[in-house]
Amino acid sequence: MSAIEIQTATVQGVRVAVEGCGHGTLNAIYAAVERSCKERSWDGVDILIIGGDFQAVRNAADLTVMSVPVKYRELGDFHEYYSGTRKAPYLTIFVAGNHEAASHLWELYYGGWVAPNIYYMGAANVLWLGPLRIAGMSGIWKGFDYRKPHHERLPFGADDVKSFYHIREVDVRKLLQLRTQVDIGISHDWPRAVERHGNQKHLWNMKPDFERESLDGSLGNPAAAYAMDRLRPAYWFSAHMHCKFSAIKIYEKPKEPEQKKPEAAESTPIRIQETAPSAPSEAAPTAANPDEIGLDMDDDDDDDEQTTPAAPPAPAPAPEPTPVLSKIPTPEETATEALRAHLPASFARPAQQHHQQQPKTTPGQPVPAGITNTTVRFLALDKCLPGRKFLQLLEVTPLNATTTSHPDPTNTTTSPTTTFTPRYTLKYDPEWLAITRTFAPSLTIGDRAAPVAPDLGEAHYLPLIQAEEAWVAEHIVQRNRLAVPANFVPIAPAHVPGMPESTSEQPDEYTNPQTEAFCALIGVPNLWAAGEDERRERKARGPPPDEFGGRGGDGEEAVEVEEAGEGGVGHAGEEIDLYLSSS
Numbered sequence: 001m002s003a004i005e006i007q008t009a010t011v012q013g014v015r016v017a018v019e020g021c022g023h024g025t026l027n028a029i030y031a032a033v034e035r036s037c038k039e040r041s042w043d044g045v046d047i048l049i050i051g052g053d054f055q056a057v058r059n060a061a062d063l064t065v066m067s068v069p070v071k072y073r074e075l076g077d078f079h080e081y082y083s084g085t086r087k088a089p090y091l092t093i094f095v096a097g098n099h100e101a102a103s104h105l106w107e108l109y110y111g112g113w114v115a116p117n118i119y120y121m122g123a124a125n126v127l128w129l130g131p132l133r134i135a136g137m138s139g140i141w142k143g144f145d146y147r148k149p150h151h152e153r154l155p156f157g158a159d160d161v162k163s164f165y166h167i168r169e170v171d172v173r174k175l176l177q178l179r180t181q182v183d184i185g186i187s188h189d190w191p192r193a194v195e196r197h198g199n200q201k202h203l204w205n206m207k208p209d210f211e212r213e214s215l216d217g218s219l220g221n222p223a224a225a226y227a228m229d230r231l232r233p234a235y236w237f238s239a240h241m242h243c244k245f246s247a248i249k250i251y252e253k254p255k256e257p258e259q260k261k262p263e264a265a266e267s268t269p270i271r272i273q274e275t276a277p278s279a280p281s282e283a284a285p286t287a288a289n290p291d292e293i294g295l296d297m298d299d300d301d302d303d304d305e306q307t308t309p310a311a312p313p314a315p316a317p318a319p320e321p322t323p324v325l326s327k328i329p330t331p332e333e334t335a336t337e338a339l340r341a342h343l344p345a346s347f348a349r350p351a352q353q354h355h356q357q358q359p360k361t362t363p364g365q366p367v368p369a370g371i372t373n374t375t376v377r378f379l380a381l382d383k384c385l386p387g388r389k390f391l392q393l394l395e396v397t398p399l400n401a402t403t404t405s406h407p408d409p410t411n412t413t414t415s416p417t418t419t420f421t422p423r424y425t426l427k428y429d430p431e432w433l434a435i436t437r438t439f440a441p442s443l444t445i446g447d448r449a450a451p452v453a454p455d456l457g458e459a460h461y462l463p464l465i466q467a468e469e470a471w472v473a474e475h476i477v478q479r480n481r482l483a484v485p486a487n488f489v490p491i492a493p494a495h496v497p498g499m500p501e502s503t504s505e506q507p508d509e510y511t512n513p514q515t516e517a518f519c520a521l522i523g524v525p526n527l528w529a530a531g532e533d534e535r536r537e538r539k540a541r542g543p544p545p546d547e548f549g550g551r552g553g554d555g556e557e558a559v560e561v562e563e564a565g566e567g568g569v570g571h572a573g574e575e576i577d578l579y580l581s582s583s
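Residue numbering for the sequence shown is 1 to 583, as defined by full-length UniProt numbering.
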């Protein structure tokens with residue numbers, strides 16, 4: 001048992017709305033949620049989860065550092081929520097995708113409110129909403145940048161605009177230290193190889209190019225797969241690919257409880273049963289609940305194809321079983337010796353240079369005893385457009401009916417005949433705060449030359465995290481400071497209708513008071529604070545020179561394979577095509 005004791009409470013189902021890619025269309029998304037709630041006689045939802053490409057654009061300057069071709073840049077309607085003209089009707093959380101207002105999200109690395117009632121999860125995060133524990137990770141896969149530091153800082157070069165949203169190993173490493181169960185996981189792009197656990201034939205019909213990428217093992221995000229395979233939540237939600245797709249991943253139960261602390265140099269990956277269930281009843285124990293998501297149902301059914309396709313899909317055959325695989329193939333298993341021989345030594349992975357004798361292991365494995373779930377229901381959704389399958393409503397009960405949580409003491413029921421009042425508020429997760437404190441001393445930002453601290457393994461980090469858990473218990477939990485404060489304040493100018501909607505001038509850099517407050521809460525340095533003189537000097541110097549012509553390393557596929565050790569660019573290399581896709 002950790003040093004942190006959390007009160008327990010009998011829980012009720014939490015009403016959750018999930019939307020795919022946001023693309024700056026909050027008004028339409030909230031209207032769709034409202035219509036779908038009326039169809040169910042719900043008075044509202046406890047939380048709306050948006051799977052990325054949120055586009056928290058405050059003004060025209062923010063658009064200059066969003067990865068979208070100039071002719072397709074649009075302000076969207078987020079600025080109305082930022083300025084206070086509108087307020088989000090439901091608590092909304094989101095992870096970042098590959099089309100984001102990087103200048104805004106940069107200020108909130110640890111997470112924070114981008115507008116009242118709208119919370120960005122940060123680069124990686126774990127939060128509580130009543131009885132539900134939610135983990136999220138931002139960005140998309142690009143192996144070329146995976147093991148680099150967060151070197152981007154305003155003013156951005158063209159490469160920075162791309163690399164900003166590439167997921168980093170230092171953030172994933174923190175998620176892989178979690179040792180207790182979460183209920184919901186969120187990533188923008190799909191966990192790698194998750195398509196093997198759903199109806200692949202239907203997916204190939206929708207997205208023919210995905211078949212080749214699936215066969216060569218490059219479809220999806222390896223880092224998201226590491227996180228999903230470690231955390232094993234009841235649900236995992238993604239977006240990015242602009243289609244609806246569901247899958248169920250089944251894991252073998254550990255044969256014995258954990259016998260010893262995992263060691264980076266000695267642990268071996270557990271075998272994963274990667275077969276779909278043979279019947280819907282096996283994978284959907286809550287099928288009697290009409291509001292429960294039907295992740296075991298075939299996406300071929302088109303009865304719910306409508307402007308707001310939020311109703312549960314009609315029953316259909318379960319996904320076809322797929323072959324049993326022990327794990328996702330690694331690039332080392334498929335790369336040729338010729339490729340290795342032609343790579344310069346300077347591109348060798350840090351792990352190769354400093355840990356030559358360590359056998360390769362699967363990150364996040366073996367799974368600790370505190371993570372017990374063996375069935376993950378995966379759902380990816382489309383973007384908010386007429387006729388698309390972009391929205392799903394469901395009622396989620398935590399994996400443990402009575403669970404460690406941070407319940408809100410009032411308003412524990414809702415009625416379809418009354419105005420919706422939120423039942424829950426967001427709270428910090430003590431284990432995550434301890435992990436954040438553990439890794440904060442080695443974190444760097446804004447320095448391309450800064451080395452990334454090597455992964456020293458769970459055995460090294462565990463006692464450090466346990467010590468930080470004791471600190472969190474004393475200074476935060478026991479002082480009732482787990483509630484996420486409603487401390488949003490606008491710090492950049494909001495767009496005013498009638499003003500120009502485009503500019504060539506990049507935004508200024510700001511110190512966000514939310515990040516300042518969070519760093520003070522957990523006692524870590526605020527690396528995102530800077531004096532005005534420093535910022536003026538950096539702005540006068542201008543953006544750094546581009547190494548890859550604004551491609552963020554897209555043209556370096558061979559180098560990327562070896563440096564990151566996780567394969568080529570996969571579908572992440574086609575960000576603009578995905579953004580413009582109308583299919």
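Just so you know, even glycine gets a beta-carbon here, dropped at the ideal spot from N, CA and C. As the structure is a prediction and not an experimental result, all values here were calculated from the model.
> When DSSP builds the beta bridges, which residues end up paired with residue 392?
Replying inline: For this step, residue 392 is matched to residue 392 along the sequence shown. DSSP output for residue 392 lists 18 as bridge partner(s).
>> What does the Cβ neighbour count give for residue 196, buried or exposed, with the cut at 16 atoms within 10 Å?
In response: As a position in the sequence shown, residue 196 is number 196, starting the count at 1. Buried, by the Cβ-count rule.
> Which of helix, strand or coil does DSSP assign to residue 150?
Replying inline: Indexing the sequence shown from 1 puts residue 150 at position 150. Strand at residue 150.
> Candidates 117, 125, 115 and 456: which alpha carbon is nearest residue 109's?
Replying inline: Indexing the sequence shown from 1 puts residue 109 at position 109. Just measuring C-alpha positions, the residue of 117, 125, 115 and 456 sitting nearest residue 109 is 125.
>> By the three-class DSSP mapping on this structure, what secondary structure does residue 136 have?
In response: For this step, residue 136 is matched to residue 136 along the sequence shown. Residue state, collapsed to three classes: strand.
>> For the alpha helix (DSSP H) containing residue 219, name the first residue and the last one.
In response: Indexing the sequence shown from 1 puts residue 219 at position 219. No alpha helix (DSSP H) contains residue 219, which DSSP labels as neither H nor E.
> Could you give the distance in angstroms between the alpha-carbon of residue 92 and the alpha-carbon of residue 463?
Replying inline: On the sequence shown, position 92 is the one that residue 92 refers to. On the sequence shown, position 463 is the one that residue 463 refers to. Cα to Cα, the separation comes out at about 35 Å.
>> Bridge partners for residue 57 per DSSP, in chain order?
In response: The sequence position of residue 57 within the sequence shown is 57, counting from 1. Beta-bridge pairing links residue 57 to no other residue.
>> Looking at the secondary structure, which residues open and close the beta strand (DSSP E) in which residue 119 lies?
In response: In the sequence shown, residue 119 corresponds to position 119, counting from 1. Counting along the chain, the beta strand (DSSP E) containing residue 119 begins and ends at 118 to 120.
> How would you write the range of the beta strand (DSSP E) that residue 428 sits in, first residue to last?
Replying inline: In the sequence shown, counting from the first residue as 1, residue 428 sits at position 428. Where residue 428 is concerned, the enclosing beta strand (DSSP E) stretches over 426 to 428.
>> What does the Cβ neighbour count give for residue 145, buried or exposed, with the cut at 16 atoms within 10 Å?
In response: In the sequence shown, the residue the question calls residue 145 occupies position 145. So residue 145 ends up on the buried side.
>> Can you tell me whether residue 196 is helix, strand or coil according to DSSP?
In response: If you number the sequence shown from 1, residue 196 lands on position 196. Residue state, collapsed to three classes: helix.
> Is the distance from the Cβ of residue 95 to the Cβ of residue 143 below 8 Å?
Replying inline: The residue labelled residue 95 in the question sits at position 95 within the sequence shown. The residue labelled residue 143 in the question sits at position 143 within the sequence shown. For residue 95 and residue 143, no; Cβs fall outside 8 Å.
> Hey, is the segment 61 to 73 in contact with the segment 27 to 41, meaning 3+ C-beta pairs nearer than 8 Å?
Replying inline: Taking a cut-off of 8 Å for Cβ pairs, the segment 61 to 73 and the segment 27 to 41 do not touch, as fewer than three such pairs fall below it.
> Just how far apart, CA to CA, sit residue 491 and residue 510?
Replying inline: For the purposes of this step, residue 491 is taken as the residue at position 491 of the sequence shown. For the purposes of this step, residue 510 is taken as the residue at position 510 of the sequence shown. Cα-Cα distance, rounded: 7 Å.
>> For residue 30, report the span of its alpha helix (DSSP H) as first-last.
In response: To locate residue 30, count along the sequence shown from 1; it is residue 30. Looking at the DSSP string, the run of the alpha helix (DSSP H) that includes residue 30 is 26 to 39.
> Which whole-angstrom value describes the C-beta separation of residue 247 and residue 198, a residue pair presumed to lie in contact below a C-beta threshold of 8 Å?
Replying inline: Start at 1 with the first residue of the sequence shown, and residue 247 comes out as number 247. Start at 1 with the first residue of the sequence shown, and residue 198 comes out as number 198. Confirmed, Cβ separation roughly 3 Å.
> Can you give the beta carbon distance from residue 251 to residue 363, rounded, assuming they're within the 8 Å contact cut?
Replying inline: As a first step, residue 251 is located in the sequence shown; it is residue number 251 there, counting from the start. As a first step, residue 363 is located in the sequence shown; it is residue number 363 there, counting from the start. No, residue 251 and residue 363 are not in contact; Cβ-Cβ is about 16 Å, not under 8 Å.
>> Can you look up residue 127 in the DSSP assignment and give me helix, strand or coil?
In response: Within the sequence shown, residue 127 is the residue found at index 127, counting from 1. Residue 127 sits in a strand when the DSSP states are folded into three classes.
> Taking the C-alpha atoms as reference points, what is the distance between residue 11 and residue 174?
Replying inline: Locating residue 11 in the sequence shown gives position 11, counting from the first residue. Locating residue 174 in the sequence shown gives position 174, counting from the first residue. Low local confidence applies: a pLDDT of 46 at residue 11 is under 50, so the model's placement there is unreliable, and no value is given.
> So residue 189 packs on residue 224, CB below 8 Å; how close in whole Å?
Replying inline: On the sequence shown, position 189 is the one that residue 189 refers to. On the sequence shown, position 224 is the one that residue 224 refers to. Contact holds; Cβ gap of about 7 Å.
> Are the CB atoms of residue 420 and residue 113 nearer to each other than 8 Å?
Replying inline: For the purposes of this step, residue 420 is taken as residue 420 along the sequence shown, with counting starting at 1. For the purposes of this step, residue 113 is taken as residue 113 along the sequence shown, with counting starting at 1. Taking C-beta atoms as the reference points, residue 420 and residue 113 fail to come closer than 8 Å.
>> Between which two residues does the alpha helix (DSSP H) holding residue 167 run?
In response: Here residue 167 is taken as the residue at index 167 of the sequence shown, counted from 1. Counted as a single uninterrupted DSSP element, the stretch harbouring residue 167 is not any alpha helix (DSSP H), since DSSP gives it neither H nor E.
> Do residue 128 and residue 222 come within 8 Å of each other at the CB atom, strictly closer than that value?
Replying inline: Mapped onto the sequence shown, residue 222 falls at position 222. Mapped onto the sequence shown, residue 128 falls at position 128. Result no, Cβ atoms of residue 222 and residue 128 do not sit closer than 8 Å.
> Using the C-alpha atoms, what's the distance from residue 534 back to residue 380?
Replying inline: Along the sequence shown, read from residue 1 onward, the residue named residue 380 stands at position 380. Along the sequence shown, read from residue 1 onward, the residue named residue 534 stands at position 534. If you take the alpha carbons of residue 380 and residue 534, they lie about 43 Å apart.
> Is it true that the CB of residue 138 sits closer than 8 Å to the CB of residue 121?
Replying inline: On the sequence shown, residue 121 is found 121 positions in, with the first residue counted as 1. On the sequence shown, residue 138 is found 138 positions in, with the first residue counted as 1. Cβ atoms of residue 121 and residue 138: closer than 8 Å.
> Between the C-alpha atoms of residue 73 and residue 13, what's the straight-line distance to the nearest angstrom?
Replying inline: As a working mapping, residue 73 is identified with position 73 in the sequence shown. As a working mapping, residue 13 is identified with position 13 in the sequence shown. Rounded to the nearest angstrom, the two C-alpha atoms are 39 Å apart.
>> Excluding the 5 residues flanking residue 506 on each side, which residues of the same chain have their C-beta closer than 7 Å to its C-beta?
In response: Translated into positions along the sequence shown, residue 506 becomes position 506. Correct list, in chain order: 61, 64, 65, 154, 155 and 156.
> Taking buried to mean at least 16 other C-beta atoms within 10 Å of its own C-beta, is residue 500 buried or exposed?
Replying inline: Translated into the one-based positions of the sequence shown, residue 500 becomes position 500. The residue is exposed, with fewer than 16 neighbouring Cβ atoms inside 10 Å.
> From residue 269 to residue 218, what does the alpha carbon distance come to, in whole angstroms?
Replying inline: Here residue 269 refers to the residue found at position 269 of the sequence shown. Here residue 218 refers to the residue found at position 218 of the sequence shown. Bear in mind that the predicted position of residue 269 carries a pLDDT of just 34, short of 50, making it unreliable; the figure below should be weighed with that in mind. Taking the straight line joining both Cα atoms gives about 20 Å.
> Rounded to whole angstroms, how far is the Cβ of residue 185 from the Cβ of residue 231, which I believe are closer than 8 Å?
Replying inline: To locate residue 185, count along the sequence shown from 1; it is residue 185. To locate residue 231, count along the sequence shown from 1; it is residue 231. Yes, they are in contact, since the Cβ atoms of residue 185 and residue 231 sit about 6 Å apart, within 8 Å.
> What span of residues does the alpha helix (DSSP H) with residue 105 cover, start to end?
Replying inline: Along the sequence shown, read from residue 1 onward, the residue named residue 105 stands at position 105. Where residue 105 is concerned, the enclosing alpha helix (DSSP H) stretches over 102 to 106.
> What is the C-beta distance between residue 150 and residue 445, in whole angstroms, given that I count them as a contact (C-beta under 8 Å)?
Replying inline: As a position in the sequence shown, residue 150 is number 150, starting the count at 1. As a position in the sequence shown, residue 445 is number 445, starting the count at 1. That pair is a contact at about 5 Å.
> Run through DSSP, which three-state label would residue 521 get?
Replying inline: Within the sequence shown, the letter at position 521 stands for residue 521. Note: residue 521 maps to helix in three-state DSSP.
>> Check this for me: beta carbons of residue 159 and residue 547, under 8 Å apart or not?
In response: Within the sequence shown, numbered from 1, the residue matching residue 159 stands at position 159. Within the sequence shown, numbered from 1, the residue matching residue 547 stands at position 547. Against a cut-off of 8 Å, the Cβ pair of residue 547 and residue 159 comes out as a contact.
>> Taking only three categories from DSSP, how would you classify residue 454?
In response: Here residue 454 refers to the residue found at position 454 of the sequence shown. Of the three classes helix, strand and coil, the one that applies to residue 454 here is coil, per DSSP.
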